[in-house]
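Participant: Take this structure first; my questions come after.
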Amino acid sequence: MRYRLMLLVVSLIGVAIVVTAAVFALLAEQ
Amino acid sequence: MTQRRLWLEGVLWIVAYIALTLGPLAVVFIGDAPPARGFWTEFSSALGFAGLSMLGLQFAITARFGRIAAPYGLDIALQFHRHITLVAAAVLLAHVLLLFVTRPETLALLNVIDAPWRARAGVASMVVLMALIGASIWRERLGISYELWRQTHALAAVLAVGLGFVHVVGVGHYLSIGWKQVFWLTITAAAFALLGYIRLVKPFMLQRRPWRVAGVVPQRGDAWSLVLEPVGHTGFRFQPGQFCWLTLGTSPFAIREHPFSISSSARQEDHVELTIKALGDFTSRISDVQPGTTAYLDGPYGAFTPNRKDSPAYVMIAGGIGITPMMSILRTFADDADPRHILLIYAAGGWDDITFREEIDELRQRLDLEIHYVLRDPPEGWEGLTGKVTNELLDDLTDTDVQHVSFFVCGPPALMEAVQSSLEDLGVPLWNIRLERFNLV
């Protein structure tokens, strides 16, 4: 349970980072 | 700490992690903006900053702060460290590859002879990071000893982060403003300060609380129990099933420590017993340890303990030396005269390899303990269970009320994966299955 939750959190953090970086890039571009 | 409080703290630390990863990125983009360089270049930059923040935060995760590890267990915190490193590496690789694909002229920066020093620093940082990850994943296959790995791991991490910082300051696109440079310098310094805490402050604190080997007791299955007594202090209180890091016969500053489960009862406060199977360089020398040898214990850590969640009964599934934390739980339950039913399924090689066999059988007198040994190499005439711990076997042994019983599983990775999958098939809720993953590196 703990291990799977950890893997889920790691995946979500990865997605959050990519999305946030893309948003920053869009803002910086304008 | 209550279950709800632990959950809350667990969620808060994750939020803090995300804020600390993405916060520095926000700071980079705040204030006067330099001329825009196109979406892909800006995207690549943002990934680079986020990846570097993640690398810096790794020092906080491995600092073994009890408060951070408590909600998850230190084993899970360290597994997070392993997996999030792969995410950071992927983010940093994407940072580089995006530049190469969208601006092929940047490929020239790989030429370390002609490239500017800021590019050399970036390339060197990536090379060190990849070497660090490769050495961690394939340590055993590469023949790297655990001690050498521990000693070089931190050095490589400092190099990767330090060179990464030199790279972003050197590129300077977003850090041309003084206060932003100071901000990133502070973050990098804080990361290194954490490493200083792990390598200097913590060993100093351990050195002031030495232990002494009082006995080395041979056990079945090529295992040895080290009995350790505190010297000049009162030792520590632990929960049954927890583990600690052991430094033996050398200074804690030498960073030659190894994690081992505690096998003694949590009610016996005058000594701690660690049971260690002879498997590697360090563990195969345990039998030679002389009583009187000085030791240092960093701990206790871990969430593989029945104290965190009440249960009407327990099913414990052990493979080989995975019995060690369960032995601590059984001994503690016996000292508490705990009346709850415990089903122990213990997989081992042969009859003579069953570590603690005699004591476990004796514990039946003091506990409501049902034991089933599952042997890979049974002796002639053996009428008990043989082979592997399968779905059918678990289905036969566990009763229908698996919804409300806590399951503890500890053993080789293959056994734990198979058992976890079987338990899910049997309808055991995930939150009632507790696994101890001790294969950290």
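So the sequences go chain by chain: D and R.
Using the working numbering, you'd call the opening residue of the first sequence number 1 and step up by one each time.
Using the working numbering, you'd call the opening residue of the second sequence number 1 and step up by one each time.
All C-beta atoms in this analysis are idealised placements derived from N, C-alpha and C, irrespective of residue type, glycine included.
Keep in mind it's a predicted model, so treat the numbers as computed, not measured.
Does VAL10/D have its Cβ less than 7 Å from a Cβ in chain R?
Facilitator: The count along the first sequence starts at 1 and reaches residue 10/D at position 10. Yes, VAL10/D lies at the interface with chain R (some Cβ there is under 7 Å from its Cβ).
Participant: Taking the alpha-carbon positions, what's the ASP335/R to THR20/D distance?
Facilitator: Here residue 335/R refers to the residue found at position 335 of the second sequence. Here residue 20/D refers to the residue found at position 20 of the first sequence. Each residue's alpha carbon lies about 53 Å from the other.
Participant: Distance cutoff 7 Å, beta carbons only. Does LEU430/R sit that close to anything in chain D?
Facilitator: Translated into positions along the second sequence, residue 430/R becomes position 430. Interface residue, yes.
Participant: Are the CB atoms of TRP13/R and ILE84/R nearer to each other than 7 Å?
Facilitator: Here residue 13/R refers to the residue found at position 13 when the second sequence is read from its first residue. Here residue 84/R refers to the residue found at position 84 when the second sequence is read from its first residue. Against a cut-off of 7 Å, the Cβ pair of ILE84/R and TRP13/R comes out as no contact.
Participant: In whole angstroms, give me the CA-to-CA distance for VAL112/R and ARG120/R.
Facilitator: Position 112 of the second sequence holds residue 112/R. Position 120 of the second sequence holds residue 120/R. Roughly 6 Å between the two C-alpha positions.
Participant: Here's the rule: buried if 16 or more other CB atoms are within 10 angstroms of the residue's CB, otherwise exposed. What is MET205/R?
Facilitator: Your numbering for residue 205/R matches position 205 in the second sequence. With fewer than 16 other Cβ atoms within 10 Å, it is exposed.
Participant: Evaluate LEU430/R with the Cβ neighbour count: other Cβ atoms within 10 Å of its Cβ, from every protein chain shown; 16 or more gives buried, anything less gives exposed.
Facilitator: Sequence index remark: in the second sequence, residue 430/R carries index 430 (1-based). By the neighbour-count rule (16 or more Cβ atoms within 10 Å), LEU430/R is not buried but exposed.
Participant: Determine which residues of the stretch 34–47 of chain R have a Cβ less than 7 Å from any Cβ of chain D, and write them out in chain order.
Facilitator: Cβ contacts with chain D: ALA36, GLY38, PHE39, GLU42, PHE43, ALA46, LEU47.
Participant: Pick out whichever of SER125/R, GLY302/R, PRO218/R has its Cα sitting closest to the Cα of ARG64/R.
Facilitator: Start at 1 with the first residue of the second sequence, and residue 64/R comes out as number 64. Here the closest residue by C-alpha is GLY302/R.
Participant: Return the residue from the list ARG199/R, PHE39/R, ILE255/R, ALA266/R that minimises the CA-CA distance to ARG237/R.
Facilitator: Start at 1 with the first residue of the second sequence, and residue 237/R comes out as number 237. Considering only alpha carbons, the answer is ALA266/R.
Participant: Would you mind sorting TRP224/R into buried or exposed? The rule is 16 or more other CB atoms within 10 Å of its CB.
Facilitator: Within the second sequence, the letter at position 224 stands for residue 224/R. Buried is the call here.
Participant: Comparing C-alpha positions only, which one of GLN181/R, GLU362/R, ILE323/R, ALA214/R sits nearest to PRO291/R?
Facilitator: As a working note, residue 291/R is residue 291 in the second sequence. Here the closest residue by C-alpha is ALA214/R.
Participant: Closest Cβ-Cβ distance between ALA63/R and chain C: below 7 Å?
Facilitator: Protein chains in the displayed structure are D and R, and chain C is not among them.
Participant: Could you tell me the alpha carbon to alpha carbon distance between ALA160/R and LEU129/R, rounded to whole angstroms?
Facilitator: Translated into the one-based positions of the second sequence, residue 160/R becomes position 160. Translated into the one-based positions of the second sequence, residue 129/R becomes position 129. Whole-angstrom Cα-Cα distance: 6 Å.
Participant: What residue from ARG220/R, ALA295/R, ILE286/R has the CA that sits closest to LEU246/R's CA?
Facilitator: Numbered from its first residue, the second sequence carries residue 246/R at position 246. Ranking ARG220/R, ALA295/R, ILE286/R by Cα distance to LEU246/R puts ALA295/R first.
Participant: Could you list which residues in chain D have their beta carbon closer than 8 Å to that of LEU25/R, in chain order?
Facilitator: Numbered from its first residue, the second sequence carries residue 25/R at position 25. By Cβ distance, chain D contributes THR20, ALA21, PHE24.
Participant: From which residue to which residue does the beta strand (DSSP E) around ILE187/R run?
Facilitator: Position 187 of the second sequence holds residue 187/R. Not the beta strand (DSSP E): ILE187/R falls in the alpha helix (DSSP H), residues 178–196.
Participant: Please state if the CB of HIS404/R and the CB of LEU385/R are separated by a distance shorter than 7 Å.
Facilitator: Here residue 385/R corresponds to residue number 385 of the second sequence, with the count starting at 1. Here residue 404/R corresponds to residue number 404 of the second sequence, with the count starting at 1. Result no, Cβ atoms of LEU385/R and HIS404/R do not sit closer than 7 Å.
Participant: Excluding the 5 residues preceding and the 5 following ALA108/R in the sequence, name in chain order all residues of the same chain whose CB lies nearer than 8 Å to its CB.
Facilitator: As a first step, residue 108/R must be located in the second sequence, where it is residue number 108. Closer than 8 Å at Cβ, skipping near neighbours: ASP114, ALA115.
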